[in-house]
Amino acid sequence: MFELLGIPPQALFGQLLLGLINGAFYAILSLGLAIIFGLLNIINFAHGAQYMLGALASWVLLNYFGINYWWALLLAPIVVGILGVILERLLISRLYHLDHLYGLLLTFGLALIIQGLARNEYGISGLPYTIPSQLSGGQNLGFMFLPNYRGWVVVASLVVCLTTWFVIEKTRLGAYLRAATENPTLVGAFGINVPRMITLTYGFGIALAAFAGVLAAPIYSVNPNMGADLIIVVFAVVVIGGMGSILGSIVTGFGLGVIEGLTRVFYPEGSSVVIFVIMAIVLLVKPAGLFGRTA
Amino acid sequence: MTALTETNGATMVVERGNGSMPRYQIAIFLALLALSLAAPFFLYPVFLMKVMCFALFACALNLLLGFGGLLSFGHAAFFGSAAYVSAHAAKVWGLTPEVAIILGTLAAVVLGFVIGLLAIRRQGIYFAMVTLAFAQMVYFAALQAPFTGGEDGIQNVPRGDLFGAISMSSDLSLYFVVLVITFGGLLAIYRIIHSPFGQVLKAIRENEPRAISLGYRVNSYKLAVFILSAGFAGLAGATKAIVFQLASLTDVYWSMSGEVVLMVLLGGMGTVFGPLVGAAVIVTMQNYLASFGAWVTIIQGCIFVVSVMLFREGIVGVIAKLIRRPL
Chain A
1 MFELLGIPPQ ALFGQLLLGL INGAFYAILS LGLAIIFGLL NIINFAHGAQ YMLGALASWV
61 LLNYFGINYW WALLLAPIVV GILGVILERL LISRLYHLDH LYGLLLTFGL ALIIQGLARN
121 EYGISGLPYT IPSQLSGGQN LGFMFLPNYR GWVVVASLVV CLTTWFVIEK TRLGAYLRAA
181 TENPTLVGAF GINVPRMITL TYGFGIALAA FAGVLAAPIY SVNPNMGADL IIVVFAVVVI
241 GGMGSILGSI VTGFGLGVIE GLTRVFYPEG SSVVIFVIMA IVLLVKPAGL FGRTA
Chain B
1 MTALTETNGA TMVVERGNGS MPRYQIAIFL ALLALSLAAP FFLYPVFLMK VMCFALFACA
61 LNLLLGFGGL LSFGHAAFFG SAAYVSAHAA KVWGLTPEVA IILGTLAAVV LGFVIGLLAI
121 RRQGIYFAMV TLAFAQMVYF AALQAPFTGG EDGIQNVPRG DLFGAISMSS DLSLYFVVLV
181 ITFGGLLAIY RIIHSPFGQV LKAIRENEPR AISLGYRVNS YKLAVFILSA GFAGLAGATK
241 AIVFQLASLT DVYWSMSGEV VLMVLLGGMG TVFGPLVGAA VIVTMQNYLA SFGAWVTIIQ
301 GCIFVVSVML FREGIVGVIA KLIRRPL
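For the record, the sequence lines run as chains A and B.
Positions 1 to 295 (the UniProt record's numbering) are the ones given, in order, by the first sequence.
Positions 1 to 327 (the UniProt record's numbering) are the ones given, in order, by the second sequence.
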């Protein structure tokens, strides 16, 4: 077998794949954050907790109701999304006239509550979730071994991200959404129910997070804290990419995941901080973010 | 920053001049001092020292959040790194506690300069995210650095002898040192808030473009208040490390940053005494509920939600409104 820079290709491509998978989660989560921020003007700190809820929901569906992975992939985002809609109606919608920071503080509180409840109920040891039988096993690609499930995660998240991009940028519904982001009052004057659109957007953003959670469940075991550290990295991803562009969020998410994976190969000690270092550099060079618009 | 303005509006209006401390505020300070002098004879001194360290920490954040209008979600970075440096200085280098605390504070100041320089390049919500992300980076650094002891932290830090002469091994003698540090810090913060510098800060918080058009170098002011706030947070963290003889990952973790934000929010952003009340309430709650595990987190989350939904002025803010005087 050939070697690249002294690194066996198995290790290199293995980490690259892992980076791509992490990147897929960064992309889906930062995409949801960006959509929510665009319309609601709040940063949803509970995003990580809701991602965890998605994973937890799929575990509960399987173990208590015998509902398999494929149905969970559909049902968990719907259930968690409905929870998001309720939260938006009950609490978040009352803060729109205030400073953005209050939205951040509120959703931080919600994240603490959700994570605390999950920890009380399921402990912190992590609940195993088996890979669905259709996707167990893997392919030998010659230069690396590709587990089927990991390939599926990358493909599924790419499809979800690109579909979201298509709906927002190319359809009538997306046009309403973009218009309401620019000027909600004017869009409301044209007879579109903006508050309902805001609620559904929040629900959709949350459902995206839950979908990522279901995808993650078989890879990382289901753990009440799985979203807590992830969301901070996603914040850094959002700062790097800027929240101005949907495609920008997707590209930044996947790109940073890959960079993180490569760092793990060449300089393992730096892998947990590399994204934050990139954030520092971006802040120095282009403070508005790679795809951001200066306010 | 419109909403923060709304919160502080009541306090702003009645404020007269920026010279000496109003008489009733002097009375409050003296009452607090008398209370703190008597308290260790009735309550457990270590618990009281914890309250004081967190009170100073919360006041440091309030200087930035309440008066500078900048929400840092990463203040644990300064608190925790100062704790590590002071613990290391006291244990490995064998320095006296006051020197260890000063070194810890200086470390926080340097870190505050670096993070502040980068963070003030973004505003509002991004500022909060940037500070949080950098704090997480400090956390990972603390997890891996050779001198921090990883998961164990730095344990059994000697309390040492103050100035190399006075033994700090008894809780009571250490208590009075912590009291001096805390009150010194509080008075310094009070002075900063009511100085011309503090007034410019408020102007920037209220209306940044106008402050720029009046010729103020807004970014220098923001950086200065960020460094000051980091320094006081570091002072609190360094003192905490000596008191508990421990610096650990908890001190740099994001939950610590969240806790101190909660203390300021609950007590009252932009009030002088609010963070003290917030810190006392939260530390007391943690103390009594410690055996309930995750319930502490859940209750803290609920306090966040209730404070934001119903109670944005905070405890002291509400009282200040009732008596129509800034507190």
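Don't be surprised by glycine CBs; every beta carbon is placed ideally from N, CA and C.
The ligand NAP heavy atom lying under 7 Å from the CB of residue i
i: Ile-250(A); result: The ligand NAP is not part of the structure shown, which contains no ligands of any sort.
Own chain, CB closer than 7 Å to residue i, minus 5 neighbours either side, in chain order
i: Asn-287(B); result: Phe-47
i: Leu-130(A); result: One detail in the question is off: residue 130(A) reads as Thr in this sequence, not Leu. Cβ within range, chain order: Pro-218.
i: Leu-104(A); result: Ile-42, Ile-43 and Phe-45
i: Leu-247(A); result: Trp-165
i: Leu-106(A); result: Leu-91, Ile-92 and Leu-95
Inter-residue CB distance, residue i and residue j (contact presumed, cutoff 8 Å)
i: Ser-229(B); j: Ala-60(B); result: 5 Å
i: Ala-55(B); j: Pro-275(B); result: 6 Å
i: Ala-238(B); j: Ala-100(B); result: 7 Å
i: Leu-103(B); j: Ser-86(B); result: 6 Å
i: Gly-81(A); j: Ile-206(A); result: 5 Å
i: Ala-108(B); j: Gly-234(B); result: 2 Å
i: Ala-49(A); j: Gln-115(A); result: 5 Å
i: Gly-68(B); j: Lys-222(B); result: 7 Å
i: Gly-138(A); j: Leu-146(A); result: 5 Å
i: Met-226(A); j: Pro-9(A); result: Incorrect: roughly 30 Å between the Cβ atoms, too far for contact.
i: Val-225(B); j: Leu-201(B); result: 6 Å
Beta-carbon gap between residue i and residue j smaller than 8 Å
i: Leu-256(A); j: Phe-25(A); result: no
i: Gly-80(B); j: Asp-251(B); result: yes
i: Ile-115(B); j: Phe-134(B); result: yes
i: Phe-127(B); j: Leu-162(B); result: no
i: Val-265(A); j: Ala-11(A); result: yes
i: Val-237(A); j: Gly-253(A); result: yes
i: Thr-201(A); j: Arg-89(A); result: no
i: Phe-57(B); j: Val-260(B); result: yes
i: Arg-197(A); j: Ala-34(A); result: Note that residue 197(A) corresponds to Met in the displayed sequence, not to Arg. No.
i: Ala-145(B); j: Tyr-253(B); result: no
i: residue 328(B); j: Leu-246(B); result: No answer is possible for residue 328(B): it lies beyond the span of chain B, which begins at 1 and ends at 327.
i: Leu-31(A); j: Ser-249(A); result: yes
i: Arg-322(B); j: Phe-273(B); result: Just to set this straight, residue 322(B) is Leu in the shown sequence, not Arg. Cβ atoms of Leu-322(B) and Phe-273(B): not closer than 8 Å.
i: residue 332(B); j: Val-281(B); result: Residue 332(B) lies beyond the range of chain B shown here (1 to 327); nothing can be said about it.
i: Gly-317(B); j: Gly-268(B); result: yes
i: Phe-147(B); j: His-88(B); result: yes
i: Thr-131(B); j: Met-52(B); result: no
i: Ile-204(B); j: Tyr-216(B); result: yes
i: Gly-84(A); j: Gly-203(A); result: yes
i: Ala-280(A); j: Leu-118(B); result: yes
i: Leu-110(A); j: Leu-87(A); result: yes
Three-state class that DSSP yields for residue i in the structure shown
i: Phe-42(B); result: coil
i: Met-309(B); result: helix
i: Phe-145(A); result: strand
i: Gly-191(A); result: coil
i: Tyr-322(B); result: According to the sequence shown, residue 322(B) is Leu rather than Tyr. Helix.
i: Ile-154(B); result: strand
i: Gln-15(A); result: helix
i: Leu-29(A); result: helix
i: Gln-139(A); result: strand
i: Leu-284(A); result: helix
i: Ser-195(B); result: coil
i: residue 329(B); result: Residue 329(B) is absent from the structure shown; chain B starts at 1 and stops at 327.
i: Ile-120(B); result: coil
Within-8 Å CB hit, residue i to chain E
i: Gln-286(B); result: In summary, chain E is missing from the structure at hand, where the protein chains are A and B.
Own chain partners of residue i with C-beta closer than 8 Å, once the 5 adjacent residues on each side are dropped
i: Gly-270(A); result: Thr-263 and Val-277
i: Val-282(A); result: Val-239, Ile-240, Gly-289 and Leu-290
i: Ala-142(B); result: Gly-80, Ser-81, Tyr-84, Thr-148, Leu-249 and Val-252
i: Gln-15(A); result: Gly-261, Leu-262, Arg-264 and Val-265
6 Å Cβ shell around residue i - same chain, five flanking residues per side excluded
i: Val-214(A); result: Gly-54, Ser-58, Ala-72, Leu-73 and Ala-76
i: Val-35(B); result: As written in the sequence, residue 35(B) is Leu, which differs from the Val given in the question. If we look at Leu-35(B) and ignore the five residues flanking it on each side, it has no Cβ neighbours.
i: Leu-18(A); result: Gly-261
- In chain order, what residues of the region 140-172 of chain A put their CB closer than 9 Å to some CB of chain B? Within the region 140-172 of chain A, no residue has a Cβ that lies closer than 9 Å to any Cβ of chain B.
- Item | Cβ-based contacts, 9 Å cut-off: residues of the region 296-327 of chain B near chain A | Val-296, Thr-297, Ile-298, Ile-299, Gln-300, Gly-301, Cys-302, Ile-303, Phe-304, Val-305, Val-306, Ser-307, Val-308, Met-309 and Arg-312
- Task: With 7 Å as the limit, tell me which residues of the region 124-140 of chain B have their beta carbon closer than that to any beta carbon of chain A; keep them in chain order.
- Result: Taking 7 Å as the cut-off between beta carbons, the residues of the region 124-140 of chain B near chain A are Gly-124, Ile-125, Tyr-126, Ala-128, Met-129, Val-130, Leu-132, Ala-133, Phe-134, Gln-136, Met-137 and Phe-140, in sequence order.
- Item | Cβ-based contacts, 7 Å cut-off: residues of the region 230-249 of chain A near chain B | Ile-232, Phe-235, Ala-236, Val-238 and Val-239
- Near-chain B residues of the region 255-275 of chain A (beta-carbon distance less than 9 Å), N- to C-terminal order: Glu-269, Ser-272, Val-273 and Ile-275
- Item | Cβ-based contacts, 9 Å cut-off: residues of the region 250-284 of chain B near chain A | Trp-254, Ser-255, Gly-258, Val-261, Leu-262 and Leu-265
- Item | Interfacial residues, the region 119-140 of chain A to chain B, with Cβ spacing under 8 Å | Arg-119 and Asn-120
- Contacting positions in the region 196-222 of chain B - beta carbon closer than 9 Å to chain A: none
- Message: Using a Cβ-Cβ cutoff of 7 Å, what residues of the region 200-233 of chain A are near chain B? List them in chain order.
- Response: Ile-232
- Item | Chain-ordered residues of the region 90-102 of chain A with a beta carbon less than 9 Å from chain B | Taking 9 Å as the Cβ-Cβ cut-off against chain B, the residues of the region 90-102 of chain A that qualify are Leu-91, Arg-94, Leu-95, His-97, Leu-98, Asp-99, His-100, Leu-101 and Tyr-102.
- Check distances from the C-beta atoms of the region 70-87 of chain A to those of chain B and list, in chain order, the residues that come in under 7 Å. none
- Task: Can you give me, in chain order, the residues of the region 50-65 of chain A that have a beta carbon less than 7 Å from any beta carbon in chain B?
- Result: none
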